[in-house]
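Enquirer: Got a structure for you, questions after.
Numbering (our numbering), first residue to last: 1 to 255.
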């Protein structure tokens with residue numbers, strides 16, 4: 001399972017060559033978060049709570065527009081302390097949406113069925129016939145997700161494994177294999193960016209911090225980037241635990 005997962009991650013996020021983009025020096029001032037502001041009606045937002053969080057704090061442009069591949073890499077490295085190759089791999093997801101000038105708007109990534117998919121952790125499914133997925137958080141769904149915390153204190157990979165099982169079981173049309181695997185990566189990616197490392201090497205987040213990022217698209221209170229660079233190994237360990245928990249439920253139930 002794990003080699004297939006990593007292959008899907010590489011295919012979905014890393015195989016499209018990066019287009020030319022403006023120098024990262026143009027956003028050097030963005031490495032310190034500004035005050036949180038809710039997006040306005042004219043701002044562009046994505047289905048990704050993490051990217052929306054970065055825009056709401058003006059780490060990425062507040063309006064969510066004209067973002068380049070190199071901007072993403074720089075912010076991932078400098079603000080979130082992603083290891084360089086990992087930052088590039090995650091930023092490569094933008095290459096599906098880049099315009100001729102090497103930039104994209106956050107909402108461009110909401111095209112249904114490219115990276116975005118149904119059975120989202122906090123968003124509604126895409127209505128039949130619609131090109132773009134909803135990007136507004138379903139607040140009720142987000143709270144139900146938080147209610148899956150086993151201890152009410154932390155959100156862990158195992159909790160997300162339960163969520164993935166329940167969300168995918170509810171679908172009329174199952175996710176294809178690639179989107180199942182991408183869906184499994186997304187929660188662990190958020191926890192790798194905004195959470196902390198547990199004794200077993202997996203990532204987790206306090207429930208309140210998870211609520212801030214995934215429900216309100218704002219940084220955890222007192223957020224500080226990881227002291228150690230975040231690598232693909234971090235997300236692999238966490239995703240593996242998620243998939244193991246999901247597999248246990250699939251074996252016990254019907255999916």
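Built from N, CA and C at the ideal position, the CB exists for glycine as well.
#1: Can you check which of these residues, 161, 181, 174, is closest to residue 244 by C-alpha distance?
#2: Identify, in the order they occur along the chain, each residue of the same chain with its Cβ nearer than 8 Å to the Cβ of residue 242, setting aside the five sequence neighbours on each side.
#3: Could you check whether residue 73 and residue 260 sit closer than 8 Å to each other, using their CB atoms as the reference points?
#4: Tell me which residue opens and which closes the beta strand (DSSP E) that residue 203 is part of.
#5: Considering only their Cβ atoms, is the gap separating residue 247 from residue 175 smaller than 8 Å?
#6: Starting from residue 239 and walking both ways along the alpha helix (DSSP H), at which residues does that stretch end?
#7: Curious, which full-length alpha helix (DSSP H) runs of at least 4 residues does the region 130-176 contain?
#8: Given this structure, state the Cα-to-Cα distance separating residue 197 from residue 82, to the nearest angstrom.
#9: Within 10 angstroms of its Cβ, does residue 108 collect 16 or more other Cβ (buried), or is it exposed?
#10: Using DSSP with H/G/I as helix, E/B as strand and the rest coil, what is residue 114?
#11: Taking C-alpha atoms, which residue in 166, 203, 53, 112 lies nearest to residue 128?
#12: Could you name the residues of the same chain whose beta carbon sits closer than 8 Å to that of residue 54, not counting the 5 residues immediately before and after it, in chain order?
#13: Bridge partners of residue 68, per DSSP?
#14: Pull up the CB-CB distance for residue 203 and residue 238, whole angstroms please, since I reckon it's below 8 Å.
#15: For the alpha helix (DSSP H) that residue 267 lies in, which residues bound it at each end?
Expert: Quick look at the numbers:
#1: 161
#2: 157, 158, 160, 161, 164, 184, 187, 188
#3: The chain is shown only over 1 to 255; residue 260 falls outside these bounds and no answer can be derived.
#4: 203-206
#5: no
#6: 232-252
#7: 139-146, 157-169
#8: Distance between the alpha carbons of residue 197 and residue 82 is about 14 Å.
#9: buried
#10: coil
#11: 112
#12: 60, 75, 79
#13: 103
#14: 5 Å
#15: A query on residue 267 cannot be resolved here, the shown segment of the chain reaching from 1 to 255 and no further.
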